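Note that my numbering has the sequence shown beginning at 287, numbered continuously upward. Ideal placement from N, C-alpha and C gives every residue a C-beta, glycine not left out. Please read all numbers here as calculations on a predicted model, not as lab measurements. Read through the structure below, which is laid out as structure tokens, and then see the notes.
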Amino acid sequence: MIRRENSQRRSRQAVPPRRNNVLVVSGGQKTESQYFSGLRPARRAPITVKCKVDSPLNLVEYAAELRDQYREEFQAVWCVVDVDNFDIAAAVKEAGTAEVDLAVSNPCFELWLLLHFADHRAHIADYRAARDLLARHVPGYD
287 MIRRENSQRR
297 SRQAVPPRRN
307 NVLVVSGGQK
317 TESQYFSGLR
327 PARRAPITVK
337 CKVDSPLNLV
347 EYAAELRDQY
357 REEFQAVWCV
367 VDVDNFDIAA
377 AVKEAGTAEV
387 DLAVSNPCFE
397 LWLLLHFADH
407 RAHIADYRAA
417 RDLLARHVPG
427 YD
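Encoded structure:
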């Protein structure tokens, strides 16, 4: 029988630290921040949420700046934007160039929340309509 080498004597290769942190940059303030911060325990990995009220194009640029500033910290960078009345095409193009993942909610983020409660497939015209539908499932939502 061949004796195995003791595992304590084996050389260990240096393993670089794992980057689990995900940066989420959102165009909303309260709702999106609460939603993504609530994912932290479920993901068991850090999520950094930054909110800034601005156009989707400016948010993508802001996300890229934060990623470059803290390059070693983030595994992924996501920018979450509403369609509203913005030029989404410019934001999509910039996201591709800046290598930022882009999640576009059309017409608004409240649709994401609504889909947690109902299999809604009909057209939603705007934020007010989405808010009213969501309020059926989350009384007092505003």
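From the DSSP output, read off the bridge partner residues of residue i.
i	result
Lys336	Val311
Cys365	Val311, Leu388
Since residue i and residue j should fall inside the 8 Å C-beta cutoff, what is the C-beta to C-beta distance between them, to a whole number of angstroms?
i	j	result
Ala416	Leu397	5 Å
Ser323	Val335	6 Å
Ser391	Asp368	5 Å
Ala411	Ala384	Wrong, their Cβ atoms sit about 31 Å apart, outside the cutoff.
Can you tell me which of the three DSSP states residue i falls into?
i	result
Ser319	helix
Val386	coil
Ala408	coil
Val424	coil
Use the C-beta contact count for residue i: other C-beta atoms within 10 angstroms, 16 or more gives buried, fewer gives exposed.
i	result
Leu325	exposed
Phe360	buried
Pro270	Missing from the structure shown is residue 270; the chain here goes from 287 to 428 and no further.
Ala375	exposed
Val311	buried
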